[in-house]
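Report on the following structure.
Residue numbers (the working numbering): 4 to 213.
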């Protein structure tokens, strides 16, 4: 079952995070934007309240939480209620797909990646932003996850694990960048520039092609 209860029950806390951790959020947004193709039609899977999709020019999203979906709709997105493992979208209908801090909440990541592959056009990109469990920030998240209302349900992944899963789904030409070079988002006091690779940045963005 989709892990939506915390997002329905604590959606105000979710929204507050972006205000209280402004520079971490803007750093993540800057890194993701590097991989967003211009002039293409994209979809965010696990769109939440639209905090990432809208600044990136993405107008369509999939979201299982009704509270989150309502916020995104109010902000101008077209939201389809659904889950990543069974996307309510036609085959080969988008130029790129985005997931941000979504893979850790998926029930079946392999099935989800297969669904993304299905709905993407040929020569399209799949962009994934996530907390790398092997980074300093990822290790802090793991230690504190049991006490966090959102992340206590999460399963964190390392960058190599994500790359392997992408390759197993026939995605190719993988590129990786990283940002948030601290152990906590609260420690970020300015917008961080992204760097190539992974291992030091808590937030990693991976792009792969179909």
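Just so it is clear, CB atoms sit at the ideal spot from N, CA and C, and this is done for glycine as well.
Nothing here was measured: the structure is a model prediction, and the numbers come from that model.
May I ask you to report which of helix, strand or coil DSSP gives residue 87?
coil
Hey, out of 194, 126, 141, whose CA is closest to residue 40's CA?
126
Closer than 6 Å: residue 76 CB and nearest the ligand GTP heavy atom:
Ligands displayed in this structure: none; no statement on the ligand GTP is therefore possible.
Does residue 94 come out as helix, strand or coil in the three-state DSSP assignment?
coil
Terminal residues of the beta strand (DSSP E) in which residue 210 lies:
206–212
Would you identify the three-state DSSP class for residue 109, choosing helix, strand or coil?
coil
Kindly confirm or deny that the segment 195–209 and the segment 166–183 touch, where touching means at least three C-beta pairs closer than 8 Å.
yes
6 Å Cβ shell around residue 107 - same chain, five flanking residues per side excluded:
157, 158, 159
Rounded to whole angstroms, what is the Cα-Cα separation between residue 10 and residue 70?
7 Å
Within 7 Å, strictly: CB atoms of residue 121 and residue 94:
yes
Inspect the beta-carbon positions of residue 87 and residue 46 and report whether they are closer than 7 Å.
no
What residue range is occupied by the uninterrupted alpha helix (DSSP H) comprising residue 167?
162–171
With distances taken from CA atoms, which of 52, 44, 84, 90 is nearest residue 78?
52
Spatial distance of residue 111 from residue 192 (CA atoms):
35 Å
For residue 130 versus residue 212, is the C-beta distance shorter than 7 Å?
no
C-alpha gap between residue 119 and residue 66, whole angstroms
14 Å
Check this for me: beta carbons of residue 21 and residue 54, under 7 Å apart or not?
yes
To which residues of the same chain is residue 139 closer than 6 Å at the C-beta, ignoring the five residues directly before and after it?
186
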